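Q: Quick one: the structure is below, and I'll ask about it shortly.
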Amino acid sequence: MSESLILIADDGPVRTFTLNRPTALNSFTGAMHGELRIGLEAAAADARVRCVVITGAGRGFCAGQDLNDPEMAPAEGGAPDVGAVIDRHYKPLALRIRRMPVPVIAMVNGVAAGAGANFALGCDFVIAARSASFIQAFSKIGLIPDCGGTWLLPRIVGRAMAIGLAMTGDKLPAEEAQRIGLIWRCVDDAALKEETRALAMKLAAMPSAALAATRLAIDEAMPATYAEALSIEARVQGQLGRCGDFAEGVQAFQHKRAPVFRDR
Ligand code: T3D
């Protein structure tokens, strides 16, 4: 039997997905997309899961699209339909992550290139090993940043950095990625798993629904005016105010005890 392209492991409320094509630096094939999509759907529907971690097997995180995947092969001698591959695989993946009801952490253990880099940047947190790096590899093969890169990069690091990273395709070491605010943290390689676990457990104990709503409200506010952002906050806060976690949070505060959050 062939080995799974996505390994799934639970550590209490934290579910870890490991991209498992290490000899090709975990680059995406259609089959790996399929397994990941099914796994993320299941995690989204499972109330026991309160935080998701995504990482890569071996020395790389993800080298983007597998450039040898038959799906990339030109149709009957013509050019491959790259746009169709994005519509079929990368758009659903990016949206799935953005709509997860729990926080998603990319634990970047090695190189993250092309769609592999932007797949990580689309997660709520990116924690990278000091030896890891980020490469907007697209320009080197005549493409533009995809998997959300054109939207994410300028919003995270500003237009000048976005253009620089995207046009040069230069390798950005993890330490530099943290310095320019592209990622949450760069940590020593030996500390990567423990630091990620600590963050994941902390997030898992927090009110998931409020964390997912925080992501939504910040994304919605990004292109909005100040007044519109205030209205978005009123709407989202109104919904959260009617949820059990808010009542629990206030009660726990009043009784000086630790809260137990359940909403998702
Ligand atoms: O249809 C569509 O294309 C739509 C979607 C596009 C999204 C994209 O992601 S486009 C960008 C695709 N990715 C790339 O262009 C990155 C290609 N890889 C590299 O530039 C380098 O491998 C890295 C800079 C990431 C790492 O370099 P290095 O020196 O550490 O490793 P390596 O020796 O190049 O790679 C190790 C193995 O992984 C090697 O296989 P081998 O020779 O040992 O059998 C290499 O061929 C393989 N590999 C790396 N990246 C890919 C790959 N195989 C298939 N596809 C890859 N993307």
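Residues in the sequence shown are numbered consecutively from 253, following the working numbering. Glycine is no exception: its CB is placed at the ideal position from the N, C-alpha and C atoms. For clarity, every value in this text was computed on a predicted model and none was experimentally measured.
#1: Compare the beta carbon distance of A365 and A315 with 8 Å and say whether it is the shorter of the two.
#2: Does DSSP put K423 in a helix, in a strand, or in coil?
#3: Say the cut is 7 Å; is the CB of S279 nearer than that to a heavy atom of ligand 1?
#4: So, helix, strand or coil for Q317, using DSSP?
#5: Does I357 come out as helix, strand or coil in the three-state DSSP assignment?
#6: Any chance the CB of P425 is under 7 Å from a heavy atom of ligand 1?
#7: Would you report the Cα separation of A276 and P511, rounded to the nearest angstrom?
#8: Check whether the Cβ of Q317 sits closer than 7 Å to any heavy atom of ligand 1, and report yes or no.
#9: Measuring only the C-alpha atoms, how far is G394 from E427?
#10: Count the CB pairs spanning the segment 349–362 and the segment 402–410 that are closer than 8 Å, and state whether there are at least three.
#11: Counting beta carbon pairs with one atom in the segment 289–304 and one in the segment 384–403, are three or more of them shorter than 8 Å?
#12: Who pairs with C438 in a beta bridge, going by DSSP?
#13: Quick check: the segment 456–474 against the segment 496–511, are there 3 or more CB pairs under 8 Å?
#14: Quick one: any contact between the segment 345–354 and the segment 414–429, if contact means 3 or more CB pairs under 8 Å?
#15: According to DSSP, which residues form a beta bridge with T270?
#16: Spell out a yes or no on whether the segment 421–440 and the segment 368–382 are touching, meaning 3 or more CB-CB pairs, one atom from each, closer than 8 Å.
#17: Give me the DSSP bridge partner(s) of S385.
#18: Does the separation of the CB atoms of F371 and L345 fall below 8 Å?
#19: With M284 as the anchor, note down where its alpha helix (DSSP H) starts and where it stops.
#20: Assuming L404 and L373 are in contact, meaning their beta carbons sit under 8 Å apart, how far apart are those beta carbons, in whole angstroms?
#21: From the DSSP output, which residues share a beta bridge with G496?
#22: Just to check my reading of the structure: S367 and I306 have Cβ atoms closer than 8 Å, yes? What is that Cβ distance to the nearest angstrom?
#23: Are the beta-carbon atoms of R302 and P326 separated by less than 8 Å?
A: This is what the structure holds:
#1: yes
#2: Strand.
#3: yes
#4: strand
#5: In the structure shown, I357 sits in a strand (DSSP, three-state: E or B).
#6: no
#7: Approximately 44 Å between the Cα atoms of the pair.
#8: yes
#9: For the pair G394 and E427, the Cα-to-Cα distance works out to about 28 Å.
#10: no
#11: no
#12: A380
#13: The segment 456–474 is in contact with the segment 496–511.
#14: no
#15: L259 and T307
#16: yes
#17: V363 and P425
#18: yes
#19: Run containing M284: G282 to A297, per the alpha helix (DSSP H) assignment.
#20: 5 Å
#21: According to DSSP, G496 bridges with nothing at all.
#22: Per the sequence presented here, residue 367 reads as Ala, with Ser not at that position. With a Cβ gap of about 13 Å, A367 and I306 do not count as contacting.
#23: no
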